[in-house]
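First up is the structure itself, then whatever we jot down about it.
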Amino acid sequence: MQQTSVSPVFVGRGSEITELTDALRRAGSGSPQTVLIGGEAGVGKTRLLEEFLALAGAGGGVATTVGGCLEVGAEGLPYAPLATALRRLHRGLGSELEVAAAGMEGHLARLLPDFGEADGEPNDEYGRARLFEHTARLFERLGADRTLVLAVEDLHWSDRSTRELFAYLVRTLHRARVLLVATYRTDDLHRRHPLRPFLAELERLRTVQRMELERFGPGEVAAQLAGILGTADPDRQLVDRIHRRSEGNPFFVEELATAFQDGCSAGLTDSLRDILLVRVEALDEETQRVLRIAAEGGSYVEHALLAAVLDDEEELIESLRAAVGANILRPDTDGDGYRFRHALVREAVSDDLLPGERHRINRRFATALEQHPHLVGSDVRPARLANYWYHAHDPARALPSALDAARAARRRNAFAEQLRMLERALELWDDVPEGPLAHTLRPYDWAESYPPCSCDVEPHDQDCERLQLVDVLAEAVVAARRSGDRERGLSLAKRALKLVDESRDPARAAWFRMNRARMLGHLNRAGNHDEAAHARRLVEHLPPSAVQAEVFALSAGIAVLHDPTEEDAALAERAVAIARQVGAHSVEQHARMTLGMLRNDLDHDPDRGIAELSAAIAATRGLGVPDVLLRGINNLASLLKSLGRAEEAVALAREGLEAAGGNGLLRNSGTILTGNLAEALLDLGRIEEAAEALAASERHDPPGSHAEFLDRLRGDLALLRDDLPSATGLLAQARAFRHNCQFQHIVPISRLALVTAARSGRPEEARAELLAVIDQHLPAGTESSLYPLLALGAGMEADHRGLPAMEPGRAGVLAKIAAAAAGLTPTVPVHHGWARTVEAELARAEGADTPAHWAAAAEALRPTGLPYPLALVLLRAGEAEVLAGDREAGAERLREARALARERGDRRLLADITALAERAGLTLSVRPGRAAAPAEPVPAGDGFGLTPRERDVLRLLARGRTNRQIAEELYISPKTASVHVSNILGKLAVAGRVEAAALAHRLRLFPDDLAPAGR
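Read in order, the letters of the sequence shown correspond to residues 208 to 1222 in the working numbering.
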């Protein structure tokens, strides 16, 4: 890396060098690190980076590379600093880089054309994700034999694609020996600057540290001046003056010191611009003219391009020599060009131009580049040309160049930059005369299934091939959606709909409404159903087309997540047939996947649903559309899990995660796949594997779509570990996102809320959670989520039977549970098992359950091979056997329940099993070869060590008495009653009076108070 400072001595920054060196050491041990260096312009960020990279490279075993973000001409130029860094790395490592890139050259060529021709995969958001993944894999390979330091300068000027790729590297380089360093200007970060949220997001990560460079104090300014002036003891008055004028900014210290050396008292002016321009104005007029032109060329300008703009190369060389000699320009060590020594100088020179002068210079750059396109690299040419024409204020030339730059950005999967260029084109459109619009614009580029021609039949209209404003809007809508800016996409689609006559051009109108439906759905905003329905009406009677098939598939897909009907299944079948007819293969398989889910939900035919999904997945594997493939794998894994086939679901989810990682789609599909994996593992009782999957997702993935799914699963895991505070917090997080209002997510979150409230001694709240679900319309195909909720709700009612506060409305709640269960259609063993469990819990809630109820539930559940809810059913069965007088059968059920609870890691269930055994006087441990010795029943309450007086107090507490009422009934003081209650809560290990009362009722400590029916 070239030195850009005139200070011969590196001053201060000792603690910062230490921090960077420590980060390098940690990276070298296999723990990737990221350091973000902030500071105002001129404070010494680049100098610090230069010194550190030199120090790191001198130690051996370390490769360093750096790339800088560009300011002028950077709009629409994606990945510029990373491409520069890779190019420098290639020069340093040579064939080693080529070996590391083996097999990925086609993807990486979109980042750096030096890798050869880009592959022919689709330019969509998934291709962009694959580019990110292969870039990360390249750095992982390079870091296998050395520590790699990748530095990006001037992140405040970065394009969005660069920021997102940098963030992807930060998050995904898990074990590579890589240190990422980035610098940015803090004084450029206004309130709405896009770097602000970017930095805030990165700072939350454990491996990221942020440092801000402070200005120099008087001592450091004195040391810097001593180096510049070549004296050990600079004049104190001079030090004070320069420190005061520079305010400790090292760059300004250099400029003022140089002015002092040159005998220029004007160097001590109050004007910052005068400080920056003082050395420029000391040069001859021709050199100043060259500098003015170079300043408009960009952060870096090629010598050949400057020569083409200035015509006289001999005079140019002399002027450049003078500018380099004055330390204003620096030859670039990586190419045949120049950079200003500091961006502040270039800014000052550029700001000093007159408006007309700036327009004329940019026109000269644009003209030269059009005539000699080889003067700049092919990867930067379209954006550079577009920016030169734009700043030349020539709309007729700026519009076509912006459109060309947008197409080039799309081909590099840089959708944010594509959108920026397309929006520039939209801005310029009305300023361009009809002639250039008709003859100088490129044809329509690409926007998925959008129909660029509105002609119904041949012959086509004479303007059919001409690019229209609505075509540009279509490209922009897709770019906005793919870049993640869905709000902007909605606005662009709305603008386009004002230009489209639905009666004359229904297919185009339907396409825009379909995209609005997609984006509204992703944003969880109202209106997506209406937009999809409108689009469907528009294409209903049109000839078959890709748009029609996609609209039908989208409508059916929306329905499957909410309240599907047979009409939706028929619509999915139409989408499949039309897509097959018009050759829209990915749409066809997408629709088949939807159809498979609908067949399971509506026909209650899981085998047919699984077969349809499996066939669609098989057909998709050869299409090269990994996003559709992952949707199918994810849906099938979710379906298998819901049918009790958890082992198969685990295998499929792992396959999906591996495919997502290989295609760079972990950020798109990883969350939901991880959730399906963890949920299936929890069903199998493999909680440590589930915890690891969830922890890995938490470490590596930012919050986003489906985050509430993972938070809910973490809450379920916390309940298994009997960690009620964590479960409560995770429940709040899951509900805070409010991203997903789909029934398949609402019910499990409500189930977590019900259990959390019940265990916290808030049974009324638990009941409210249950009713919030079953009081609404229950869609088809919800057996897998509803049965567990109904069983736990009925069990909660049974646990609190006899509690006065729960008596009002209790009969109605039980009737609603029974009605909801009667409306479900069990199709597989796990459904039948849950259905029998609901029946048994409803009987227990009436005090009428028998061992036969629980035996039926257990018999239905055993074929599933799942530890839960079988362990819960066996606990209830053991309790019922003991109450029926068969203590040995009760002990046998509890032993089996305990083994399953241990297998599942369910601490709360284990505690309940142990408490019941102790209360009943049952021995669960049996020595080999010996039968269990019968034990005498323990009187009610003795298993908890309660005294007779404490049992009396607990009996009254369970009846809902206050401390004063207990005191009056037992002829003791209220204070004594309070002491007894506190002792009881401690012995029962419960949090409050309500939970103590519920426990007394659930364990039937006072059976006479329950007035059981049917015993």
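Even glycine gets a Cβ: it sits at the ideal position worked out from N, Cα and C. None of the values given here were measured: they were computed from a predicted structure.
- Message: Please report the straight-line C-alpha distance between E445 and E503, rounded to a whole angstrom.
- Response: Correcting the residue type first, residue 445 is Leu in the shown sequence and not Glu. Spanning the two alpha carbons is a distance of roughly 36 Å.
- Alpha-carbon to alpha-carbon, E780 and L802: 7 Å
- Message: Output needed for G219: all residues of its chain with C-beta closer than 6 Å, excluding positions within five of it in sequence on either side, in chain order.
- Response: E427
- Between the C-alpha atoms of E682 and D611, what's the straight-line distance to the nearest angstrom? 12 Å
- Item | Outcome for T253 when other beta-carbon atoms lying within 10 angstroms are tallied against a minimum of 16 | buried
- Item | Alpha-carbon spacing of A369 relative to A550, whole angstroms | The sequence given here places Thr at residue 369; Ala does not occur at that position. Roughly 20 Å between the two C-alpha positions.
- Would you kindly check if the distance between the Cβ of R958 and the Cβ of L996 is under 8 Å? yes
- Message: So for E865, helix, strand or coil by DSSP?
- Response: Here E865 sits in helix by DSSP.
- Query: Between the C-alpha atoms of R1171 and G1199, what's the straight-line distance to the nearest angstrom?
  - Reply: 17 Å
- Item | Unbroken stretches of the alpha helix (DSSP H), 4 residues or longer, contained in the stretch 322 to 385 | 332 to 349 and 367 to 379
- Query: Which class does M804 belong to by DSSP, given the choice of helix, strand or coil?
  - Reply: helix
- In angstroms, rounded to a whole number, what distance separates the CA positions of E522 and G532? 15 Å
- Query: Can you give, in chain order, each stretch of the alpha helix (DSSP H) that sits fully within the stretch 682 to 723 and has at least 4 residues?
  - Reply: 693 to 706
- Opening and closing residue of the alpha helix (DSSP H) in which F547 lies: Careful: F547 lies outside any alpha helix (DSSP H), inside the beta strand (DSSP E) at G544 to F547.
- Query: Relative to the C-alpha of A429, which residue among A464, R411 and R921 is closest?
  - Reply: A464
- Message: Check this for me: beta carbons of E340 and N870, under 8 Å apart or not?
- Response: Yes. Within cutoff.
- Task: Please classify A389: does DSSP put it in a helix, a strand, or coil?
- Result: strand
- Could you tell me which of P1070, L917 and A230 sits nearest to V1035, measuring between CA atoms? P1070
- Going by the CB atoms, is the gap between E1048 and A1122 shorter than 8 Å? no
- Check each candidate in A760, E774 and N807 and name the one with the smallest Cα separation from I785. A760
- Please report how far the alpha carbon of Y391 lies from the alpha carbon of A825, in whole angstroms. As the crow flies, the alpha-carbon of Y391 is around 48 Å from that of A825.
- Message: Need the endpoints of the beta strand (DSSP E) that R537 sits in, please.
- Response: L536 to P538
- Query: Which residues mark the beginning and the end of the alpha helix (DSSP H) in which M311 is found?
  - Reply: Per DSSP, M311 belongs to no alpha helix (DSSP H) and is neither H nor E.
- Message: What does the alpha-carbon distance come out to for the pair T1051 and A979?
- Response: The residue asked about is misnamed: residue 1051 is Arg in this sequence, not Thr. Pairing R1051 with A979, the inter-Cα distance amounts to about 23 Å.
- Looking at L889 and R921, is the spacing between their C-beta atoms short of 8 Å? no
- Query: So, helix, strand or coil for L513, using DSSP?
  - Reply: helix
- State the beta-bridge partners of G219 as determined by DSSP. DSSP lists no partner for G219.
- Query: Which residue's Cα is closest to the Cα of C276: A270, V269, G268 and P285?
  - Reply: Minimum Cα-Cα distance from C276 among the listed residues A270, V269, G268 and P285 corresponds to P285.
- Spatially closest choice to V415 from Y1178, E865 and V388, by CA coordinates: V388
- Query: Of all the options V789, V758 and D637, which has the alpha carbon lying nearest to the alpha carbon of P602?
  - Reply: Looking at the Cα atoms, D637 is the closest of the given residues.
- Query: Which value, in whole angstroms, describes the spacing of the CA atoms of A739 and D834?
  - Reply: Approximately 21 Å between the Cα atoms of the pair.
- Nearest-angstrom Cβ-Cβ length linking L830 and H792, presumed shorter than 8 Å: 6 Å
- Item | DSSP three-state assignment for E915, whether helix, strand or coil | Secondary structure of E915 (DSSP, three-state): helix.
- Query: Are there 16 or more other CB atoms within 10 angstroms of the CB of Q949, so buried, or fewer, so exposed?
  - Reply: Result: exposed.
- Message: Going by beta-carbon coordinates alone, are P205 and A351 separated by less than 8 Å?
- Response: Residue 205 lies beyond the stretch modelled for the chain, which goes from 208 to 1222, so this question has no answer here.
- Task: Determine the contact status of R499 and L560, defining contact as a CB-CB distance below 8 Å.
- Result: yes
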